[in-house]
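Be aware that the sequence shown starts at 1, since it is given in my numbering, and climbs by one per residue. We put the CB at the ideal spot given by N, CA and C, even for glycine. In this text, all values refer to a predicted model and were calculated from it rather than measured experimentally. Step one of this worksheet: look at the structure below.
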Amino acid sequence: MPAATPRVVFVIRDTDYELLLARHATRGQIRFFLESRGQSIAEVEARHAQFHAVLAEARGSVPLDWRQALVRRPDLDRFLFAPEDIVVAVGQDGLVANVAKYLDGQPVVGVNPAPDLYDGVLARAGVGSLRALLPASAAGTVPLQRRTMVQALFDDGARLLALNEIFVGHRSHQSARYRIDDGARAEDQSSSGLIVASGTGLTGWARSISEATHLTLEVGIEEAAFGYWVREPFPSVATGTAMRAGRFAGAPLTVTSRMNEGGVVFADGIEQDFVAFDWGRRVAVTPASRTLNLVAA
């Protein structure tokens, strides 16, 4: 059987202009809304035009005999990725993390449409490089970073995957109460929740926590390991603060909820995709067997 024709799947998110248009219906209403607040529509429109120019150039880089598809971030959970797909995320770094959990080995190219706006940690490719990267990705000759992902396994069989980090805590600003167990010691805690991050995640949310707490952990982006940080642990007669951060490469980190309501676990900052984590539920966090195969542009 001949090999399937490669398909390039472009993953995007709406621009700020498109989101404003969905809310205000017309350009005139957007302009009025912004100008009445001392802001200008010009920059929003310029960013919108810049993004779509990059997207058009990216789509024009696909060989004529290949297939294409376009999927927006809110539709990722309903889109069926195929083994022969090459995924091109055009946008900020977080878009690469958003698509990672829906893939199983497909190569991913992150294209940065605005280098003056986005850091380009994951979306590091320039759009002009796609004409060479796409055929090399299909041939399997492009170098890949096999970035470790983390997974949260629940006691009822549910699972969450994350490229950057998993959050365990309360859905509001209330304190999260839970028992944390690293296999060697355990502690009841009351805190603002905890973050479990991969090596990739150390450049994101976990980085700000690490810098604020001066608790630094080293985890490689391809290393089957992760780190955790507890946010603002509170000492009391019933809760401790000894377990503030740690690095794991073997045994799972287990957390048991002590919250009557409002406990949540979510991945990569997508709060609406949370799993309820109320009293008695248990979650074990480990490195995932699946990796993100990021094209090393």
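What would DSSP say about residue i, mapped onto helix, strand or coil?
i    : result
A242 : coil
E165 : strand
A197 : strand
W298 : One cannot answer for residue 298 here, as it falls past the ends of the chain, which runs 1 to 297.
L160 : strand
L80  : coil
R67  : strand
V44  : helix
V54  : helix
F234 : coil
R281 : coil
Could you tell me whether the Cβ atoms of residue i and residue j are closer together than 8 Å?
i    : j    : result
L292 : L163 : yes
R285 : I166 : The identity of residue 285 in the sequence shown is Val, whereas the question assumes Arg. Their beta carbons are under 8 Å apart, which means V285 touches I166 by this criterion.
A245 : V230 : yes
L160 : A42  : no
What number of angstroms, rounded off, separates the C-alpha of residue i from the C-alpha of residue j?
i    : j    : result
G201 : V219 : 9 Å
H52  : V44  : 13 Å
R73  : A114 : 18 Å
H214 : Y178 : 23 Å
D182 : Q189 : 13 Å
R147 : T26  : 42 Å
S208 : T5   : 43 Å
Q151 : Y118 : 27 Å
M1   : L55  : At M1, the pLDDT of 46 sits below 50, so the modelled position is not reliable; the number obtained from the coordinates is stated separately. M1 and L55: Cα-Cα distance of roughly 33 Å.
D14  : R47  : 11 Å
A69  : A22  : 23 Å
L133 : D85  : 14 Å
A136 : V109 : 12 Å
R37  : I30  : 11 Å
S175 : A138 : 48 Å
V255 : L103 : 27 Å
P143 : L122 : 14 Å
D65  : V8   : 11 Å
V99  : V264 : 21 Å
G128 : A49  : 17 Å
P301 : D93  : Because the chain in this structure spans residues 1 to 297, residue 301 falls outside the shown range and cannot be described.
What are the partner residues of residue i, as DSSP defines its beta bridges?
i    : result
N293 : P107, R146
I180 : E187, V255
D72  : Note on residue identity: the sequence assigns Arg, not Asp, to residue 72. Paired residue(s): I12.
D85  : R7
P287 : V150
H170 : G263
Y228 : V196, G246
Taking Cβ positions only, does residue i come closer than 8 Å to chain D?
i    : result
A138 : Absent here is chain D; the protein component of the structure consists of one chain.
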